[in-house]
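Remarks on the structure that follows.
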Amino acid sequence: MVLMSEKHRFWSFIALNMDPYLTEYRYETSTTVSEIRSRYGYLNNGEEAGDIHSIAGRIMGLRRHGKIVFAVLDDGTATIQLVFRYDILGENSWKVVELLNIGDIIGVKGKPIRTLRGELSILVNELTVLSITWRDYPEKWHGLADTDKRYRLRYLDIMMNERVRKAITSMYRIEKSFRDFLDSKGFIEIHTPKLQSIYGGALARPFTTKMYSLDKTVYLSIAPETYLKRAIIANLYRVYEIAVCFRNEDIDAQHYPEFVQIEIYQAFADWNDMMKLVEEMIAYGIKNVFGDYKVEVEHNGNRIELDFKPPWRRISIEEAVENYSGIKVRGKSYEELIGIAKDLGIEVDDPRMGKIIEKIFERFAEPRLVQPTYVILYPRDISPLARPYRNDPNYSERFELFVGSLEIGNGYSELNNPIIQYYFFKKEEDLRFKSSHKFIGKAEYHPMDKDYVRALEYGMPPTAGVGIGIYRLIMVLFGLPSIKDVIPFTIVEPDEFKTIAETHNDILKHYIENLHLDKL
RNA sequence: GGGCCCGUAGCUCAGCCAGGUAGAGCGGCGGGCUUUUAACCCGUAGACCAGAAAGCUGGGCGGAGGUCCCGGGUUCAAAUCCCGGCGGGCCCGCCA
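With this note's numbering applied, the first sequence covers 580 to 1099.
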């Protein structure tokens, strides 16, 4: 089909008395393609089953051979070959077959057969056109490759790129598994506010918007953390949320300004309990989706196998640095660490020692952490919401989860002491003011959240919490290089183009006349 | 915020460095083909704008311009070189 060069095939449908929008409003299917596939696998080449089924979906492939035509139908559960034969369909239906394009939506009735070449198919004896495409689909072999078009016409990318579609559909099943798992452990999900007057739970620049009813500026949630902990204080001792978080930061392969996290909080538990819960939950989800704890993925161009079977490896951040870089960092002074970083070509102007260690860790250890690994015992000074390590207050009871060289999660024994929390907030605030990072305006500083401190003053039980980035986990599991690949729809700048109504005035007229659209 | 790369037919891309008639494959259209699965074979048109629309006609008598994302510039001559913009991607800094 070419949009502009010849008389549109639409008129051929009209000539056959088949308006693609006026003729059919629904189609009753009797089964799905994936059911047909599992049920009729036994058919031998050339064999035909007796049952008639009806299925509906989009034509994804067409091979014309004169009086026999092969098509590929995608009904959303799987794809299957359709066989159209002139001798079975007859002259009238054959005229419709000849009009079909890749991208059209049809319903068919027919018997399952296995063709002579061994392809399980539906031998069609009734064809119904349910909707048509007005635009050309990408070439079958290369698919949609232009990155601009992939994100702009994302429905095409999801439709045609198997891995992307798998990732997006599996995300639902992973999330459902997490919910099922947590439900079985007595957790409930609550929704925390996305519009907040004080943002917190992480250090990030927020989005601001205007709430007219209160005539004030409000922030979009950067994390559900402080509200879920308020829920713990409310005696909701096991809570979680699969929450969209908004952070007004730059976009890259691992970051997107709106992303989904599952945050989980469990009272009367510590970081060890949480690490155990998380590895069990993720392993459970992966087993549900992949049928195994082991998943083969693409990682830096290589096929590797990730093994999620608990328990996962644990290593302290300093140990990881020393193991992978060969550089001693334990017991070093601030000046010594700055010197080490400088020798490595790492520019750090942060007054926190932990930040320097974290930088070296990111450079040397993170790329090597491929199998699921908990990195533990983060320096206390970069963990303002975590509880100090019970055996050494220079560290915090904090862990981060790494898989496929990506940071997937972050958790800790939650700080429940309102006095220390106040002090840490105060220090964070001072730090932000002193920091050389040149954010503009006061909104970018982490505000002192006194309301949250007051909540702690009513008493919060010992609690463990965690946040796990859903998009990043899916990226790793499906070997996709960019976080945008797993986000169903991302933001794009509007472009210029013409609609069919604009290019084909005759067709627009047809509908105005047929449906009396001009009669108000 | 800093740096790099890409934008050519519906799709995937070549041509650009070393300026000189806009190319290929797929797809489209016409024909053939009842077992293909990136089907195959023969033929053919198409790149801007306008005329509602295919064919077609006009913009186009001389010159210039238009149609290689857009707009300028250099040049006898620009898809190609230079400058600016738009759209997209990647890397660094920051955030998960």
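From the three backbone atoms N, C-alpha and C, an ideal C-beta is built for every residue, glycine too.
Source: prediction; values computed, not measured.
Exercise. Leaving out the 5 sequence neighbours to the left and right, which residues in its chain are closer than 7 Å to M739 when beta-carbon positions are compared?
Worked result: P717, G722, L723
Exercise. According to DSSP, is H1089 helix, strand or coil?
Worked result: helix
For this session: Below 8 Å on the Cβ atoms is my guess for E842 versus P803; work out the distance and round it to an integer in Å.
Result: 5 Å
For this session: State the start and end residues of the unbroken beta strand (DSSP E) segment that holds D922.
Result: Per DSSP, D922 belongs to no beta strand (DSSP E); it is in the alpha helix (DSSP H), 913–922.
Exercise. Whose C-alpha, out of P958, E926, I919, is nearest the C-alpha of G933?
Worked result: P958
Problem set entry | CB-CB length for K745 against F1068, believed under 8 Å | The pair is not a contact, with the Cβ atoms about 17 Å apart (cut-off 8 Å).
Problem set entry | Ordered list of alpha helix (DSSP H) runs contained in the segment 785–866, each at least 4 residues | 804–812
Problem set entry | Buried or exposed by the 16-neighbour rule on C-beta atoms within 10 Å, applied to M790 | exposed
Problem set entry | Outcome for A635 when other beta-carbon atoms lying within 10 angstroms are tallied against a minimum of 16 | buried
Exercise. CB-CB under 7 Å to L709, same chain, minus the five flanking residues each way: which ones, in chain order?
Worked result: E603, Y606, A635, I684, I685, G686
Exercise. What are the boundary residues of the alpha helix (DSSP H) that includes S962?
Worked result: It is not in any alpha helix (DSSP H) - S962 carries neither H nor E in the DSSP assignment.
For this session: Between the Cα of L652 and those of E884, Q833, G645, R637, spot the shortest distance and give me the residue it belongs to.
Result: R637
Problem set entry | DSSP bridge partner residues for F981 (one or two, in chain order) | T952, E986
Exercise. If you compare alpha carbons, which of M853, S672, T796, S992 is closest to P967?
Worked result: S992
For this session: Closer than 6 Å by C-beta to Y1001: which residues in its own chain qualify, once you throw out the five before and the five after it? Chain order, please.
Result: V1032
Exercise. Looking at the unbroken beta strand (DSSP E) that takes in T1042, where does it start and where does it end?
Worked result: 1042–1048
Exercise. Excluding sequence positions up to five away, which residues of its chain have a Cβ less than 7 Å from the Cβ of W590?
Worked result: none
For this session: Could you check the C-alpha separation between S962 and R977 for me, to the nearest Å?
Result: 8 Å
Exercise. Quick one, which of L980, K855, R742, T712 has its alpha-carbon nearest S1061's?
Worked result: R742
Exercise. Taking the alpha carbon of T712 as the point to measure from, which residue in F592, D871, E859 has its own alpha carbon closest?
Worked result: F592
Problem set entry | Sufficient close CB pairs (3 or more, under 8 Å) joining the segment 776–783 to the segment 1079–1089 | no
For this session: Compute the Euclidean distance between the alpha carbons of A781 and N827, then round it to the nearest angstrom.
Result: 12 Å
Exercise. CB-CB under 6 Å to K1021, same chain, minus the five flanking residues each way: which ones, in chain order?
Worked result: Residue placement at K1021 is flagged as unreliable, the pLDDT there being 35, under the threshold of 50; the coordinate-derived value follows with that caveat. Within the same chain, K1021 has no close Cβ partners at all.
For this session: Might you give, ordered along the chain, the residues of its own chain that have their beta carbon closer than 7 Å to the beta carbon of E754, omitting 5 neighbours on each side?
Result: I821, I1049
Exercise. Can at least three beta-carbon pairs, one atom from the segment 896–913 and one from the segment 933–945, be found at a separation below 8 Å?
Worked result: yes
For this session: Below 6 Å CB to CB, which residues in the same chain sit around H632 once its five sequence neighbours on both sides are set aside?
Result: S609, T610
Exercise. Between the C-alpha atoms of D1102 and R817, what's the straight-line distance to the nearest angstrom?
Worked result: Because the chain in this structure spans residues 580 to 1099, residue 1102 falls outside the shown range and cannot be described.
Problem set entry | Under the three-state DSSP convention, the category K688 falls into | strand
Problem set entry | With 16 other Cβ atoms within 10 Å as the buried cut-off, status of S975 | buried
For this session: Could you please give me the residues that DSSP links to V662 through a beta bridge?
Result: F649, L702
For this session: Could you spell out the range, first to last residue, of the beta strand (DSSP E) harbouring G625?
Result: Where G625 is concerned, there is no enclosing beta strand (DSSP E), given that its DSSP letter is neither H nor E.
For this session: Go to N902, then tell me how far its beta strand (DSSP E) extends in each direction, as first and last residue.
Result: N902 -> not in any beta strand (DSSP E); alpha helix (DSSP H) instead, spanning 896–904.
Problem set entry | Buried or exposed (CB count within 10 angstroms, at least 16 for buried), G988 | buried
Exercise. Which of helix, strand or coil does DSSP assign to P1026?
Worked result: coil
Exercise. If I701 and G689 are in contact, beta carbons under 8 Å, what's the gap, nearest whole angstrom?
Worked result: 4 Å
Problem set entry | Bounding residues of the beta strand (DSSP E) (the contiguous stretch that carries G636) | 632–643
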